[in-house]
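Engineer: Position one of the sequence shown corresponds to residue 1 (full-length UniProt numbering), numbered consecutively onward. I'd like to ask you about the structure that follows.
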Amino acid sequence: MNIKSLLQLQASITKELKSRGVVRTNNSPIGDYTEWLVAKALELELQPNSKAGFDGIDKHGTRIQIKGRRVTPTNNSRQLSAIRKYEEQDFDELAAVIYDEDFNIIEALLIPHTVVGEYASYRKHVNAHILILKGPILSDPRVRCIEEVVRN
1 MNIKSLLQLQ ASITKELKSR GVVRTNNSPI GDYTEWLVAK ALELELQPNS KAGFDGIDKH
61 GTRIQIKGRR VTPTNNSRQL SAIRKYEEQD FDELAAVIYD EDFNIIEALL IPHTVVGEYA
121 SYRKHVNAHI LILKGPILSD PRVRCIEEVV RN
């Protein structure tokens, strides 16, 4: 069974467990899978999980923070997880991948740090910047589509 098939099976299991009241959320291994997928596609060296600020580094020394989001019919939010300490410039680019309910890639983008700052909003109650992948950011010419390379 290939990796995508295993993730689809996991999604079905989570859905059934939720319908039975066993779990309350659709939490999944999306973060780890996205890091693995983007690192493979962009030839990144993944950093230890404890490394703050970025997840991978490319052969040119570019530091990449990686975020993934799975949208479902009951939760179609494209809000990425919190971006902590944005002002410290711990990453150069943000790789963001949006999946559908079955882990098919809807969107995969590489966003420069400065562009993240222009579109993300600071939320004091989480002490972090929040970026939602919809609207003008999707057509910003500084944002690179990396769907093809991530899919292959």
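All residues carry an ideal CB built from backbone N, CA and C; glycine is no exception.
1) Quick check: the Cα distance between D102 and N127, rounded to an integer number of angstroms?
2) In the DSSP assignment, find the unbroken alpha helix (DSSP H) run with G31 in it and report its ends.
3) I need the straight-line Cα distance from V22 to Q65, nearest angstrom please.
4) Could you tell me whether any Cβ in chain B is nearer than 8 Å to the Cβ of D58?
5) Quick check: L94 and I106, are their CB atoms within less than 8 Å of each other?
6) Strictly by DSSP, which residues pair up with P112?
7) Whose C-alpha, out of K18, L6 and K134, is nearest the C-alpha of T74?
8) Tell me which residues share the same chain as R63 and place their Cβ nearer than 6 Å to its Cβ, disregarding the 5 neighbours each side in the sequence.
9) Return the first residue and the last residue of the alpha helix (DSSP H) that K4 is part of.
10) Within 10 angstroms of the Cβ of K59, are there 16 or more other Cβ atoms? Answer buried if so, exposed if not.
11) Rounding to the nearest angstrom, what Cα-Cα distance links K124 and M1 in this structure?
12) Could you pull out every residue in the same chain whose Cβ sits closer than 8 Å to the Cβ of E88, ignoring the five residues on either side in sequence?
13) Kindly identify the DSSP beta-bridge partner or partners of residue 154.
14) For the beta strand (DSSP E) that contains R123, what are its first and last residues?
15) What are the boundary residues of the alpha helix (DSSP H) that includes V149?
Structural biologist: Result, derived from the coordinates:
1) Taking the first residue of the sequence shown as 1, we reach residue 102 at position 102. Taking the first residue of the sequence shown as 1, we reach residue 127 at position 127. About 32 Å.
2) By one-based count along the sequence shown, residue 31 stands at place 31. Looking at the DSSP string, the run of the alpha helix (DSSP H) that includes G31 is I30 to L42.
3) Numbered from its first residue, the sequence shown carries residue 22 at position 22. Numbered from its first residue, the sequence shown carries residue 65 at position 65. For V22 and Q65, the distance between alpha carbons rounds to 32 Å.
4) Here there is only one protein chain, and chain B is not present.
5) Here residue 94 refers to the residue found at position 94 when the sequence shown is read from its first residue. Here residue 106 refers to the residue found at position 106 when the sequence shown is read from its first residue. No, the Cβ-Cβ distance between L94 and I106 is not below 8 Å.
6) In the sequence shown, counting from the first residue as 1, residue 112 sits at position 112. Looking at the DSSP output, P112 shares a beta bridge with E93.
7) Here residue 74 is taken as the residue at index 74 of the sequence shown, counted from 1. In terms of CA proximity to T74, K18 leads the group K18, L6 and K134.
8) In the sequence shown, the residue the question calls residue 63 occupies position 63. Cβ neighbours of R63 beyond the five flanking positions: F54, I57, F91 and D92.
9) One-based indexing of the sequence shown puts residue 4 at position 4. Start and end: I3 to S19.
10) Sequence index remark: in the sequence shown, residue 59 carries index 59 (1-based). Counting Cβ neighbours within 10 Å, K59 comes out exposed, since fewer than 16 surround it.
11) The count along the sequence shown starts at 1 and reaches residue 124 at position 124. The count along the sequence shown starts at 1 and reaches residue 1 at position 1. Straight across, the Cα-Cα distance linking K124 with M1 is about 44 Å.
12) Here residue 88 is taken as the residue at index 88 of the sequence shown, counted from 1. Only G53 meet the Cβ criterion.
13) It is not possible to answer for residue 154, since the shown part of the chain is limited to 1 through 152.
14) Taking the sequence shown and counting its residues from 1, one reaches residue 123 at position 123. Where R123 is concerned, the enclosing beta strand (DSSP E) stretches over S121 to R123.
15) For the purposes of this step, residue 149 is identified with residue 149 of the sequence shown, where counting begins at 1. Where V149 is concerned, the enclosing alpha helix (DSSP H) stretches over E147 to R151.
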